[in-house]
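Colleague: Letter by letter, the sequence shown follows residues 1053 to 1324 of our numbering.
Handing you this structure, nothing more for now.
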Amino acid sequence: MASPTATIPPPTTPLRLAILEADTPPAGAHARYSGYRGVFTHLFTRALASPEHPLSSYLTITAHDVVNNISPSDPYGDYPSLSEVDAILITGSKHSAYENDPWILTLTEFVRRAITEGDAENGGRTIKVLGVCFGHQIVGRALGQVVERNEKGWEVSVTRVGLTSVGKGLFGGREDLKIQQMHRDHVVGVPEGAQLLASTDVCENQGFIIPGKVLTVQGHPEFTTDIMEELLELRRATGLFNEELFGSGVERNKVDDGVFIAQAFYRFLLQE
1053 MASPTATIPP PTTPLRLAIL EADTPPAGAH ARYSGYRGVF THLFTRALAS PEHPLSSYLT
1113 ITAHDVVNNI SPSDPYGDYP SLSEVDAILI TGSKHSAYEN DPWILTLTEF VRRAITEGDA
1173 ENGGRTIKVL GVCFGHQIVG RALGQVVERN EKGWEVSVTR VGLTSVGKGL FGGREDLKIQ
1233 QMHRDHVVGV PEGAQLLAST DVCENQGFII PGKVLTVQGH PEFTTDIMEE LLELRRATGL
1293 FNEELFGSGV ERNKVDDGVF IAQAFYRFLL QE
């Protein structure tokens, strides 16, 4: 796989990426970006676009509210048709992926179906699946892994994750990555057929890949310093974070590799 830092030429036809929004950003970020579609659009624009090639040359992005725009009579109310997408991306969320709320069970089943049956529904064309934080955990659950509260506690703000040999191959030979984090749940183990990408002392499963099909990360490449600042302030104000955790997060809320990771995401989407 080529280095994610290399210029990526646009494909002949833009890829159709469906963002499955499992939450909304905090209020300030929501006002700036208009939901997680806007947050990821901002990320992929920085990672891919140029004056010669706007983001629309690379991606057609749609957003799908998988929390609210559903009902018992229509549990897949706002979901995309698997016959009309090239990839899905499941976002982060304040919710826990091990909960059994109807919308979480529906999302888990939809992701399982996209992974195991989606290609047949898409006329034999491969549907790629990306998972970020909560989305990473939903993919893990869909593939039979346990998701639970991590007894080692929170990971917040920019965190260095050590790459496995597979991770080094995916991310251009790097030894590690710096990625924004905001979680205290984790996926226990790696699904059958998947390969671990990275680990930290707090969270062993920092992402995994099923070549040609699934790519997940526990962190948040889409988070900017302003989004993280808002989240840290909110969680201190509600008492969820003590001053020590808040201060540590503020101190580390600096440069991260989010754009670099997004470029690797896109190269993965281009793979046959």
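Don't be surprised by glycine CBs; every beta carbon is placed ideally from N, CA and C.
Only a predicted model underlies this, so the values are computations on that prediction, with no experimental measurement involved.
Drop a sphere of 10 angstroms on the beta-carbon of residue 1237, count the other beta-carbons inside from all chains shown, and report buried for 16 or more, exposed for fewer.
Modeller: By the neighbour-count rule (16 or more Cβ atoms within 10 Å), residue 1237 is buried.
Colleague: If I follow the unbroken beta strand (DSSP E) through residue 1148, where does it start and stop?
Modeller: From DSSP, residue 1148 is part of no beta strand (DSSP E); its letter is neither H nor E.
Colleague: Using only the alpha-carbon positions, how far apart do residue 1101 and residue 1231 sit?
Modeller: 21 Å
Colleague: To which residues of the same chain is residue 1282 closer than 7 Å at the C-beta, ignoring the five residues directly before and after it?
Modeller: 1078, 1080, 1081
Colleague: Within 10 angstroms of its Cβ, does residue 1242 collect 16 or more other Cβ (buried), or is it exposed?
Modeller: It is buried - the Cβ of residue 1242 has at least 16 other Cβ atoms within 10 Å.
Colleague: Classify residue 1237 as helix, strand or coil using the three-state DSSP reduction.
Modeller: strand
Colleague: Excluding sequence positions up to five away, which residues of its chain have a Cβ less than 7 Å from the Cβ of residue 1317?
Modeller: 1182, 1267
Colleague: Tell me whether the beta-carbon of residue 1163 lies closer than 8 Å to the beta-carbon of residue 1197.
Modeller: Cβ distance not < 8 Å, so residue 1163 and residue 1197 don't count as in contact.
Colleague: Any idea what DSSP makes of residue 1068, helix, strand or coil?
Modeller: strand
Colleague: Report the rounded CA-to-CA distance for residue 1173 versus residue 1307, giving the unit in angstroms.
Modeller: 41 Å
Colleague: Could you check the C-alpha separation between residue 1284 and residue 1275 for me, to the nearest Å?
Modeller: 12 Å
Colleague: Can you give the Cα-Cα distance for residue 1160 and residue 1061, rounded to whole angstroms?
Modeller: Straight-line Cα distance between these residues: approximately 34 Å.
Colleague: Using 8 Å as the threshold, is the C-beta distance between residue 1087 and residue 1070 below it?
Modeller: no
Colleague: Are the region 1220 to 1235 and the region 1309 to 1324 in contact at 8 Å, needing three or more beta carbon pairs?
Modeller: yes
Colleague: Buried or exposed for residue 1073, please, with buried defined as at least 16 other CB atoms from any protein chain shown within 10 angstroms of its CB.
Modeller: With 16 or more other Cβ atoms within 10 Å, it is buried.
Colleague: Alpha carbon to alpha carbon, what distance is there between residue 1195 and residue 1277?
Modeller: 32 Å
Colleague: Over the uninterrupted beta strand (DSSP E) stretch that includes residue 1074, give me the two end residues.
Modeller: Taken as a continuous stretch (DSSP letters only), residue 1074 belongs to no beta strand (DSSP E), as it is neither H nor E.
Colleague: Tell me whether residue 1093 sits in a helix, a strand or coil according to DSSP, three-state version.
Modeller: Note: residue 1093 maps to helix in three-state DSSP.
Colleague: Tell me, please, whether the region 1247 to 1264 touches the region 1196 to 1215 by the rule of three or more beta-carbon pairs shorter than 8 Å.
Modeller: Contact check between the region 1247 to 1264 and the region 1196 to 1215: three or more CB pairs, one atom from each, fall below 8 Å, which counts as touching.
Colleague: Should residue 1297 and residue 1208 be called a contact, given that it needs their Cβ atoms to be closer than 8 Å?
Modeller: yes
Colleague: Opposite residue 1230 in the DSSP bridges: which residues?
Modeller: 1212, per the DSSP bridge assignment.
Colleague: DSSP three-state call for residue 1270: helix, strand or coil?
Modeller: coil
Colleague: Give the C-beta separation of residue 1149 and residue 1193 to the nearest angstrom, bearing in mind that I take them to be a contact with Cβ-Cβ under 8 Å.
Modeller: For a cut-off of 8 Å, the C-beta gap from residue 1149 to residue 1193 is around 6 Å, short enough to register as a contact.
Colleague: Please return the same chain residues whose Cβ sits closer than 6 Å to the Cβ of residue 1219, not counting the five positions on each side in sequence.
Modeller: Excluding its 5 nearest sequence neighbours in each direction, residue 1219 has C-beta neighbours in its own chain below 6 Å: 1249, 1250, listed in chain order.
Colleague: Using the three-state DSSP reduction, which class does residue 1054 fall into: helix, strand or coil?
Modeller: With a pLDDT of only 47 at residue 1054, under the threshold of 50, the placement of this residue in the model should not be trusted, and no figure is reported.
Colleague: Leaving out the 5 sequence neighbours to the left and right, which residues in its chain are closer than 7 Å to residue 1118 when beta-carbon positions are compared?
Modeller: Here the set comprises 1072, 1073, 1074, 1130, 1131, 1155, 1159.
Colleague: Do you know whose CA, among 1295, 1179, 1123, lies nearest residue 1138's CA?
Modeller: 1179
Colleague: Let me know the alpha helix (DSSP H) ranges lying completely inside the region 1249 to 1313, each 4 residues or longer, listed in chain order.
Modeller: 1277 to 1289, 1295 to 1304
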